[in-house]
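Below: the structure, in C-alpha cells.
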C-alpha cells in the first residue's frame, strides 16, 4: 500500500473506532476532572466514569450496524466477536465502579487515579479483543498488565497489597518477556506480524519443525498469564488475596475474558485453517498440535485450581483458586476447533462474569458487616444476614454448575461441545466432570458454614445490609436464575458473535 | 565463516537463557527485573536481526522500539512498587514477601 | 571488519550479561547490565538499525538502568551493608537453562529462515518515522495512552501517604 | 564508522601500502581519530579551566593566577600566569591516588572512566566544519542526548563506590538533576529537529547557512528563541554549574560525588566537566547559532573560518556560563525542581506546539 492509501485507511477507520475514542476522551476527562476537583474523594469521579462507560456502551451497540471490517491497516478488527467481548468488558467495568463505591477498603483513598486507571484498563481490554497484529496484541497486553499492577497495589499502605502488586508485576513482566521471544521467532519464521498473513504463510507450508512449536509455547506463556492457566497461574492467588476486593473481582473477570478473546482469535486465525461459515473443515496448522496442548493445559488448570481450593480458609483465596479452575473449564471450548466450542466458551464467560462478580460482592459486603475474609467467620451468616447468604447460595450453586442456575447451562454447553468434538477429547470431558464433583465439595463447605453452623457466642446479632447492596445482589442473582431457566437470548447473541473475521 | 543471521540468533539465545537463569535463581526483586530486561533484549536482537536479514522490511525494528518503550513503562511501575514495598518491609527479597501464602 | 566488530560486541554482551547474572552484588549486576545494554546497542548498529541502537542507549541506559540504580540505592541502607543477592535453586535452574539453550540452538540451526541478501546500509530514521505515523499509527497511540497510565500509576504508588 | 575526514590524506597514504589490509587501516584510522579527539578534549578543557580562573578573577575584581610561567623565550613574555593550568594538571597527575578503605575499589576506578569515555564519545559527532565531522551520524542529535545518560550512570556509581554519605547524596542529587533537566532540553532539541527535518548535525547547520538572519534562534519567532533559552538553562543545570551547582554545594555535602576522589581519577572528572562545557557550547551553537556557518553569509565561510566560527560561538557560550556562575547565588533544591518541571518543561512544550502549528499553517 502506498503512503496516501495508508493515511486514507487510517482516516476511514476512525468511524469504526468511535467507542475507543470516546473511552480515551473519558480517560483524559477523568485526569482533568481529578485536577480540577478539590476534594480527594469527590463522588463526581465515579459519576463521570459511569456516565462515560454508559455512553461507550451505546456506541459499541451502534457498531453492530457498521458490519465487519479490518481497520487501521489491519492492526485491529471490528467484528461481532470483538463487540460481544467489549460489551462484557463494559459490563464488568460498570459493575466494578458500583462495587468500588461501597467498598470500605477503598474508603478514604484518593479516587482520581483509581477511576482513571480503571478506564485505561478497560481501553486496553477493548484493544486486546480486536487486535489482529502481533504488535497490537503485545502493546494492548502490556497496557492491561501495567494498569493491573498499579490497581493491585492500590492499597499501597497495606503490606499485602504491596506484595500482591510486586508479584503481579514480576510475573507479568517475565511472561511478557517469554511471549516476546516467541513472537520474535514466529516473526522470523513467517516474515510478518499480521496474524492473517501468519496463518496464510503457515498453511502454505508442510513442516516447520521445532521452531514453530517452541515459539507457540512461548506465546502461550503470555496468554496463559492473562487467563491464569497452569503453569502461569502462580501470581493469581496472591494477587487476588492482596488486591482491593473490587479490583480482585475485576481482574478475575475482565482481563481474563480479554485473554480468552485474544487466545481464541490468535489460535483460530494464525494457527488454524478453514472454519469459515461452518461448512469448511477446520484444522490446526500442521506441525503443532495446539488443541491437544491446550487441552492438557485446560485439564491441569481445572484440576490444580480445584484441588488447592479444597484446603483454603480465606474466602478471597478460595475464590482465586476457583477462578483458576473456571479458566480451565472455559478453555475446554477453545480447543475443539468448532464453532460450538467457541460459542460455549463465550457463553460461559458471561455467566462466569455474573456469578463470580456476585460472589465477590458478597465478600465485599461481609468485609463490611462481618469484618473478616475467613470462612470460619461466615458461620451462621444465614441467620444474621439472610439476604447476602441467600445470594451467595445462588452464586455458589451456579459456580458449581447445579441446575436451575445459569452456571449449569454454561457447563452443559461446554460439555456438549466437548462430547460432540469426537473421541479424542472424551478424556477432557471426564476430567471436567470429576473436577465439578471436587468443586461441589468446597463450595458446599461455605454453604454449610453459612447455613448449618452456629456462629460464636459473641456474634448473634443481626447484621444490617444497606439497600444499595441488596439492589446490587439482586442485579447479579436474579439474572442467574432467569438465565438458568430461559437462556436462549444470550445463547443466540453468543452464537451470532462467533463469526469473527477469518481472512483478509 | 562470515557472520550471518544465525550468529545473531545464537547471541540472542544465550542472552535469553542467561536472563531466564537470573529470573529463576535471584531472590532480590531488582535483580529479577534485570534478568527480565535481558530476556527483552534477546527478543529485540531477534527482531532487529530478522528485520535485516529476511525479507520483512522494517517491521522488526518498529517492534523493537515499541518493546523498548513498554519495557521502560513497566520498569518504572515495577520499581515504584518495589520501593513502596520496601517502605513496608525494609526488604525487597521476594521470599520475604510471604504474608500471602497457602 | 564487520565480523570482528560482531565478535567484539557479542563477547562484550555475553561477558557482561554473565557478570550481571552471576555476580552476588546488586550494584555489580547493574554495572554488568550497563555494558550488556551497550553491547546490544553495538549489535544493533551492525544490523543497520542506528535509530534503534540510539533508542536502546537512551531508554535502557538513561531510563531503566538509572531507575534500577535509584531503586537499589533507595532500598538499601546508605551504608551499603545489605547488598548481597542470594541465589536459590542454582542446580535445577542451571539444568533448565542448559536444556532451553540446547533446544533454542537446535531450533536456530535446523530452521531455514527466509534469508535474503541485503547489504545496503540505508538511513532508517525517516522511514521509521513514516511507519509510525502511517502503518503503526494505532500501536503508537496505544503506547502513548500506556505511558500516560504508567506515569499516573507510578507517581501514585511512589507518592508518600 | 568514526572517520576523521580531515585525515583522509593520511588514510589514503596508508591504504596504498600493500602490507596494510583494509581492516588494519580502518583500525589504525579509528585509533588515530580517538587519539585526536582525546587530545582535543583535554586541550580544550585546559583552556577552559584557565579561562574560568581569569574570568572569575575579573568578575570579582582580583588578579587571578599571575605567577606560573616558563623559561621558554617566546612564551615567557605572555605572562598572566598562562602556565597555571599546566601546573595544575601536572599536580593532579602526580598526586597520590587515595582510595578510601571502605570503598568499592573496582567501581571507584570504573566510575571516572565511564564519565570521561562518555564525554569523549560525544565529541565524535561534533561538526567543526562542513567536511570536519569526525563521525557524520544520521542520528547525531539523538546520539548526543543518549550518550549523556552514561554520564549519569558514571556519577551514580562514583557516589556509590565511595561509600560515603556525602558522595552518595551528591551523586543522587546530581543524577536527579541531570535526568530532570534532560526533559526540557530534549524537547527544545525536538523543536530544532522539527524545524530542520533531520537528526543529522551537519544538515542542521547547512539549514542555517547564509548569514545571521538564517540562524534557527530567529526562526518561528518567538518559539525558537524560547527553545534556545530553555536549552541554555537546562544545559547549565545538566553541567551542574552555578546557579544549579547543588550537587557540589560545599556547605551541605562537601564536594558531592567526587568528594573521595583524588589524583588522576579526580583529574578525569575535572577534565570531563570542562570538556562537557565545551561540548555544550558546540551543541548550542550548532542547534541555534548556525554552527560553523559565518554570520555574514558566504563571506569568511571557507573551511578554516568554519572551525574559527565554531570556536568563537562556543567560547562565547562558555563565557556566558562563567559569567552566570560568578554572579548568581545558588538556588535551593525545591527551586531547582520547580524550575525544571513547572517552568522549563511546560514552556518547552509550548515552544514545540508553536513551531508545529506554525509549520502546519504555513504549508
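Residue numbers (this note's numbering), protein chains in the order written: chain A, 79 to 582; chain B, 111 to 212; chain C, 24 to 184; chain D, -11 to 351. Quick reminder that beta carbons are idealized off the backbone N, C-alpha and C, glycines included.
Burial state of residue i, where buried means 16 or more other Cβ atoms lie within 10 Å
{"i": "residue 253 (chain D)", "result": "buried"}
{"i": "residue 164 (chain A)", "result": "buried"}
{"i": "residue 340 (chain D)", "result": "buried"}
{"i": "residue 289 (chain D)", "result": "buried"}
{"i": "residue 104 (chain C)", "result": "Confidence at residue 104 (chain C) is low in this model, with a pLDDT of 37, below 50, so its placement is unreliable and the value that follows should be read with caution. Exposed: under 16 other Cβ atoms inside 10 Å."}
{"i": "residue 72 (chain D)", "result": "buried"}
{"i": "residue 145 (chain C)", "result": "exposed"}
{"i": "residue 100 (chain C)", "result": "A caution first: residue 100 (chain C) carries a pLDDT of 45, below 50, which makes its placement in the model unreliable, though a value can still be read off. Exposed is the call here."}
{"i": "residue 357 (chain A)", "result": "Confidence in residue 357 (chain A) is poor, its pLDDT being 48 and thus under 50, which makes the residue's placement unreliable; the coordinate value appears in the next sentence. Looking at its Cβ environment, which holds fewer than 16 other Cβ atoms inside 10 Å, residue 357 (chain A) is exposed."}
{"i": "residue 542 (chain A)", "result": "exposed"}
{"i": "residue 246 (chain D)", "result": "buried"}
{"i": "residue 58 (chain D)", "result": "exposed"}
{"i": "residue 201 (chain D)", "result": "exposed"}
{"i": "residue 346 (chain A)", "result": "buried"}
{"i": "residue 515 (chain A)", "result": "exposed"}
{"i": "residue 135 (chain C)", "result": "exposed"}
{"i": "residue 530 (chain A)", "result": "exposed"}
Nearest-angstrom Cβ-Cβ length linking residue i and residue j, presumed shorter than 8 angstroms
{"i": "residue 252 (chain A)", "j": "residue 133 (chain B)", "result": "6 angstroms"}
{"i": "residue 107 (chain A)", "j": "residue 126 (chain A)", "result": "6 angstroms"}
{"i": "residue 137 (chain C)", "j": "residue 165 (chain B)", "result": "6 angstroms"}
{"i": "residue 275 (chain D)", "j": "residue 192 (chain D)", "result": "7 angstroms"}
{"i": "residue 207 (chain A)", "j": "residue 160 (chain A)", "result": "4 angstroms"}
{"i": "residue 107 (chain D)", "j": "residue 139 (chain D)", "result": "7 angstroms"}
{"i": "residue 295 (chain D)", "j": "residue 270 (chain D)", "result": "In fact, because the Cβ distance is near 11 angstroms, the residues do not count as touching under 8 angstroms."}
Residue j beta carbon less than 8 angstroms from that of residue i
{"i": "residue 483 (chain A)", "j": "residue 475 (chain A)", "result": "yes"}
{"i": "residue 400 (chain A)", "j": "residue 329 (chain A)", "result": "no"}
{"i": "residue 307 (chain A)", "j": "residue 248 (chain A)", "result": "no"}
{"i": "residue 575 (chain A)", "j": "residue 432 (chain A)", "result": "no"}
{"i": "residue 189 (chain D)", "j": "residue 121 (chain D)", "result": "yes"}
{"i": "residue 212 (chain D)", "j": "residue 343 (chain D)", "result": "yes"}
{"i": "residue 468 (chain A)", "j": "residue 550 (chain A)", "result": "no"}
{"i": "residue 40 (chain C)", "j": "residue 148 (chain B)", "result": "yes"}
{"i": "residue 480 (chain A)", "j": "residue 486 (chain A)", "result": "yes"}
{"i": "residue 302 (chain D)", "j": "residue 266 (chain D)", "result": "yes"}
{"i": "residue 554 (chain A)", "j": "residue 427 (chain A)", "result": "no"}
{"i": "residue 560 (chain A)", "j": "residue 472 (chain A)", "result": "no"}
{"i": "residue 2 (chain C)", "j": "residue 67 (chain C)", "result": "What is shown of chain C runs 24 to 184, which leaves residue 2 (chain C) out entirely."}
Residues that residue i contacts on chain D, provided the C-beta gap is smaller than 7 angstroms
{"i": "residue 85 (chain C)", "result": "134, 137 and 140"}
Under 8 angstroms from the C-beta of residue i: neighbouring residues of chain C
{"i": "residue 125 (chain D)", "result": "73"}
{"i": "residue 375 (chain A)", "result": "Residues of chain C passing the Cβ test: none, with the nearest at roughly 19 angstroms."}
Where residue i meets chain B, residues with beta-carbon distance less than 7 angstroms
{"i": "residue 146 (chain C)", "result": "Result: empty, since nearest Cβ-Cβ is about 12 angstroms, beyond 7 angstroms."}
{"i": "residue 41 (chain C)", "result": "128"}
{"i": "residue 231 (chain A)", "result": "191 and 194"}
{"i": "residue 159 (chain C)", "result": "172"}
Partner residues on chain C for residue i, Cβ-Cβ distance less than 9 angstroms
{"i": "residue 244 (chain A)", "result": "Neighbours of residue 244 (chain A) on chain C: none; closest Cβ ~11 angstroms, over 9 angstroms."}
Chain-ordered neighbours of residue i on chain D, where CB pairs are closer than 9 angstroms
{"i": "residue 80 (chain C)", "result": "131, 134, 135, 137 and 138"}
Interface partners of residue i on chain B, CB under 8 angstroms
{"i": "residue 59 (chain C)", "result": "125, 148 and 151"}
{"i": "residue 37 (chain C)", "result": "121, 124, 125 and 128"}
Interface partners of residue i on chain A, CB under 7 angstroms
{"i": "residue 177 (chain B)", "result": "258"}
{"i": "residue 166 (chain C)", "result": "217"}
{"i": "residue 173 (chain C)", "result": "224"}
CB contact below 8 angstroms: residue i versus chain G
{"i": "residue 162 (chain D)", "result": "Given the protein chain composition of this structure (A, B, C and D), no chain G is represented."}
Checklist entry - the segment 182 to 195 of chain B: which residues have C-beta closer than 7 angstroms to a C-beta of chain A, in chain order? => result 183, 184, 187, 188, 191, 192, 194 and 195
Checklist entry - Looking at chain A, which residues of the segment 145 to 170 of chain B have a Cβ within less than 7 angstroms of any of its Cβ atoms? => result 146, 149, 150, 152, 153, 156, 157, 160, 164, 165, 166, 169 and 170
Next on the checklist: Any C-beta of chain A within less than 9 angstroms: which residues of the segment 127 to 141 of chain B qualify?
Outcome noted: 129, 130, 133 and 139
Checklist entry - Taking Cβ-Cβ distances below 7 angstroms as the criterion, which residues of the segment 278 to 309 of chain A are in contact with chain C? => result 287, 288, 289 and 292
Item to check | Residues of the segment 151 to 166 of chain A whose Cβ lies closer than 8 angstroms to any Cβ of chain B, in chain order | outcome: none
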